[in-house]
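Novice: Questions regarding the structure given below will be posed in turn.
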Amino acid sequence: MQKIGEIKCEIQAAEPGEYATLFEKYKEDTRSGVRKLLEQLHKKEEAYQKELLRTEKMKEFERKYEDLGYVCGIDEVGRGPLIGSVVAACVVLPRDFVLEGLTDSKKLSEKKRDEFYKVIEDKAIAIGIGIVDERKIDEVNIYEATKVAMKEAIANCNIKPEHILIDAMPLECGIPTTSIIKGDLKSITISAASVIAKVTRDHMMMEMDALYPEYGFAGHKGYGAAKHIEAIKKYGPCPIHRRTFIKNFME
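What follows is the structure, given as structure tokens:
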């Protein structure tokens with residue numbers, strides 16, 4: 006008879022597609038330890054089915070427009086920081102795409118975002134990135150710069166989408182669009198785009214932290230944390246600070 010410890014390892018390592026097989030395999034085992042493990046497996050199965058329902062609901066907008074052709078989601082990261090670029094991502098996913106736990110990137114841990122980035126990068130049909138730097142942001146304002154980044158992301162996507170889903174803001178780009186309030190929570194492609202954009206910009210901030218360690222970019226990613234503002238007052242702005250964002254700190 007197989008040891009309970011071995012069964013535990015088998016159940017813990019199981020993927021959702023293997024749950025039914027494990028239930029069948031151990032359903033006649035009356036040992037209390039095995040019964041508890043099967044109860045845990047049952048809870049995992051319930052949680053997975055609940056996640057599938059959530060994910061399917063997040064495909065509502067994608068399915069609404071899928072007859073038109075490729076539907077992409079667009080999101081941006083970096084409108085609020087005091088430094089660096091605003092980054093937008095355009096993502097097209099397969100219709101059967103499932104990524105348990107995918108949601109707005111701001112609600113994910115850094116570790117989980119990095120994990121999801123790799124999965125999305127591997128499974129996406131197409132990804133485009135748009136980056137607009139601090140000089141352009143200072144020139145045209147962050148709202149207009151965000152639109153430019155989004156258009157660049159679409160242009161850099163290796164397939165042209167027939168419909169675009171956008172988180173909240175309107176965008177005129179020659180392609181039909183749908184603006185969705187809290188879209189990064191309601192659309193699976195916008196959620197995926199938010200992860201791609203967030204991880205891309207965070208990696209850029211890590212590179213900037215190595216160049217300008219006195220500002221602590223690795224920790225706050227350029228946002229207006231107290232330590233960041235203190236560093237600006239102490240050292241002055243560095244080349245990637247948005248001058249229109251920090252003028253009040255320089256008086």
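All residue numbers in the sequence shown are consecutive under this note's numbering, ending with 256.
Cβ coordinates follow ideal geometry from the N, Cα and C atoms, glycine included.
Using CA atoms only, rank isn't needed, just tell me which of K203, A93, K165 is closest to T151.
Specialist: Per the Cα distances, A93.
Novice: May I have the straight-line CA-CA distance separating L87 from I159, to the nearest angstrom?
Specialist: So the alpha carbons of these two residues sit roughly 25 Å apart.
Novice: Compare the beta carbon distance of E120 and Y53 with 8 Å and say whether it is the shorter of the two.
Specialist: Cβ atoms of E120 and Y53: not closer than 8 Å.
Novice: Residues in the same chain with beta-carbon distance under 8 Å from E71, minus the five sequence neighbours each way, listed in chain order, please.
Specialist: Once the five neighbours on either side are set aside, the close Cβ partners of E71 are R100.
Novice: Since S196 contacts L107 with CB under 8 Å, what's their CB separation in whole angstroms?
Specialist: Rounded, the Cβ-Cβ distance is 5 Å, consistent with contact.
Novice: When the Cα atoms are used, what is the spatial distance from G229 to A223?
Specialist: The straight-line gap from Cα to Cα measures roughly 13 Å.
Novice: Within 8 Å, do at least three Cβ pairs link the region 161–176 to the region 42–56?
Specialist: The answer is no - the region 161–176 does not touch the region 42–56, with fewer than three Cβ pairs under 8 Å.
Novice: Could you give the DSSP three-state label for G227: helix, strand or coil?
Specialist: If DSSP states are grouped into helix, strand and coil, G227 belongs with coil.
Novice: Starting from the C-beta of A129, find all residues in its chain whose C-beta is less than 6 Å away, skip the five residues before and the five after it, and write them out in chain order.
Specialist: For A129, where only same-chain residues beyond five positions count, the Cβ hits under 6 Å are V96, L98.
Novice: May I ask you to list the residues that DSSP assigns as paired with D80?
Specialist: Its beta-bridge partners are A94.
Novice: Leaving aside the five residues before and after I186 along the sequence, list all residues of the same chain whose C-beta is less than 6 Å from its C-beta, in chain order.
Specialist: Cβ within range, chain order: A173.
Novice: What does DSSP give as the partner residue(s) for H208 in the beta ladder?
Specialist: Looking at the DSSP assignment, H208 forms no beta bridge with any residue, so it has no partner.
Novice: What residues match up with A131 in a beta bridge as DSSP calls it?
Specialist: DSSP, once it has assigned bridges, lists V97 as partnering A131.
Novice: Output the distance between the C-alpha atoms of L57 and Y24, rounded to the nearest integer angstrom.
Specialist: For L57 and Y24, the distance between alpha carbons rounds to 15 Å.
Novice: Would I125 pass as a contact of A154 if the rule is Cβ separation under 8 Å?
Specialist: The answer is no: Cβ separation not under 8 Å.
Novice: Among S90, A131, S110, which residue has its Cα nearest to the Cα of N146?
Specialist: Checking every option, the nearest Cα to that of N146 belongs to S90.
Novice: On the DSSP bridge list, what partners appear for T26?
Specialist: In the DSSP output, where bridge partners are listed per residue, T26 has none listed.
Novice: By the three-class DSSP mapping on this structure, what secondary structure does L170 have?
Specialist: Three-state DSSP puts L170 in a strand.
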